[in-house]
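Undergrad:
And the structure:
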């Protein structure tokens, strides 16, 4: 009887190994992401596979030169954007601002100042929606309306698109590319739940940044006081470590994107 039970147990175990598929990492989760170096794309499970490469989504540049780009989401905002622009101008560096279309309509002079002082502008949708809840037509509308607003207010066409909260699926990427824009995420964010003070924000960036990094920060929607306070020290620390601040376009031109 015991022998009979043992045979059944062994047979069952063998059957389970054949039937139950082995666990594999999510195709978007690479080794660096597993080490919390890169943003995980939240709730983004596309119907079709997406190859995360320079052809589709950019989150950093493969570069040995110590270049880094600050990218700024959610503005322009009358409280925080001018203060950030003052800091950038005082330090003679430039950043890339991913603007929200309806915010740019409210504060066109801030948008014009962003460009006038040597910074560049990208598309961050027209109303900052949760794009994963939108259908293809609504996604396209958000991108196109923001592009139209940028062109009307600033007289330029954008080359880059960043979805709110970094949320992506196939339809979002397809819509951006069909309208001539590269999708750009980030390699590290200034605002993070592990960094509650400006000092902690700076230390987290300094300890984790690598050449070719794209830094995410915000100048709108929430209270960004701590973020703005962190920027002067962040600039100093990274420059002391040999980093040079460039715009997103300059960073992408410097080497191979990944």
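Residue numbers (the numbering used here): -12 to 245. Just so it is clear, CB atoms sit at the ideal spot from N, CA and C, and this is done for glycine as well.
(1) What did DSSP end up calling residue 246 once you bin it into helix, strand or coil?
(2) Can you tell which of 172, 181, 132 and 197 has the C-alpha that lies nearest to the C-alpha of residue 114?
(3) What is the rounded straight-line gap between the Cα of residue 209 and the Cα of residue 178?
(4) Among 218, 198 and 205, which one has its Cα closest to the Cα of residue 46?
(5) May I ask which residues mark the beginning and end of the beta strand (DSSP E) holding residue 200?
(6) In angstroms, rounded to a whole number, what distance separates the CA positions of residue 216 and residue 196?
(7) Taking just the CA atoms, how far does residue 69 sit from residue 111?
(8) Could you check whether residue 123 and residue 162 sit closer than 8 angstroms to each other, using their CB atoms as the reference points?
(9) Using the C-alpha atoms, what's the distance from residue 220 back to residue 200?
(10) Is the separation between the beta-carbon of residue 109 and that of residue 136 shorter than 8 angstroms?
(11) Would you mind giving the Cβ-Cβ distance between residue 151 and residue 159, rounded to the nearest angstrom? I have them listed as a contact below 8 angstroms.
(12) From residue 61 to residue 147, what does the alpha carbon distance come to, in whole angstroms?
(13) Keeping to the same chain, check which residues put their C-beta closer than 8 angstroms to that of residue 225; ignore five residues upstream and five downstream.
(14) Here's the rule I'm using: 16 or more other beta-carbon atoms within 10 Å means buried, otherwise exposed. How should residue 65 be labelled?
(15) Report yes if the CB atom of residue 117 is closer than 8 angstroms to the CB atom of residue 90, and no otherwise.
(16) According to the neighbour-count rule (16 or more other Cβ atoms, all chains shown, within 10 Å of its Cβ), is residue 107 buried or exposed?
TA: The relevant details are as follows:
(1) Any question about residue 246 goes unanswered here, given that the chain covers just -12 to 245.
(2) Working through the chain shown from its first residue, we reach residue 114 at position 127. Here the closest residue by C-alpha is 132.
(3) Taking the first residue of the chain shown as position 1, residue 209 is located at position 222. Taking the first residue of the chain shown as position 1, residue 178 is located at position 191. In a straight line, the C-alpha of residue 209 is about 11 angstroms away from that of residue 178.
(4) Indexing the chain shown from 1 puts residue 46 at position 59. Here the closest residue by C-alpha is 198.
(5) One-based indexing of the chain shown puts residue 200 at position 213. For residue 200, the enclosing beta strand (DSSP E) has its first and last residue at 200 to 205.
(6) Taking the chain shown and counting its residues from 1, one reaches residue 216 at position 229. Taking the chain shown and counting its residues from 1, one reaches residue 196 at position 209. Straight-line measurement puts the Cα of residue 196 at about 19 angstroms from the Cα of residue 216.
(7) Numbered from its first residue, the chain shown carries residue 111 at position 124. Numbered from its first residue, the chain shown carries residue 69 at position 82. About 19 angstroms.
(8) By 1-based counting over the chain shown, the position of residue 162 is 175. By 1-based counting over the chain shown, the position of residue 123 is 136. A contact, by the Cβ cut-off of 8 angstroms.
(9) As a first step, residue 200 must be located in the chain shown, where it is residue number 213. As a first step, residue 220 must be located in the chain shown, where it is residue number 233. If you draw a straight line from the Cα of residue 200 to the Cα of residue 220, it is about 17 angstroms long.
(10) As a first step, residue 109 must be located in the chain shown, where it is residue number 122. As a first step, residue 136 must be located in the chain shown, where it is residue number 149. No. Outside cutoff.
(11) Along the chain shown, one-based indexing puts residue 151 at 164. Along the chain shown, one-based indexing puts residue 159 at 172. Not a contact, Cβ separation roughly 10 angstroms.
(12) For the purposes of this step, residue 61 is identified with residue 74 of the chain shown, where counting begins at 1. For the purposes of this step, residue 147 is identified with residue 160 of the chain shown, where counting begins at 1. Residue 61 and residue 147: Cα-Cα distance of roughly 14 angstroms.
(13) Along the chain shown, read from residue 1 onward, the residue named residue 225 stands at position 238. Leaving aside the five residues that flank residue 225 on each side, the residues in its chain whose CB is nearer than 8 angstroms to its CB run, in chain order, 55, 192, 193, 196 and 232.
(14) Here residue 65 refers to the residue found at position 78 of the chain shown. So residue 65 ends up on the exposed side.
(15) Taking the chain shown and counting its residues from 1, the one referred to as residue 117 is at position 130. Taking the chain shown and counting its residues from 1, the one referred to as residue 90 is at position 103. The answer is no: Cβ separation not under 8 angstroms.
(16) Position 120 of the chain shown, counting from 1, holds the residue named residue 107. Using a 10 angstroms sphere on the CB of residue 107, the tally of other CB atoms reaches 16 or more, which defines it as buried.
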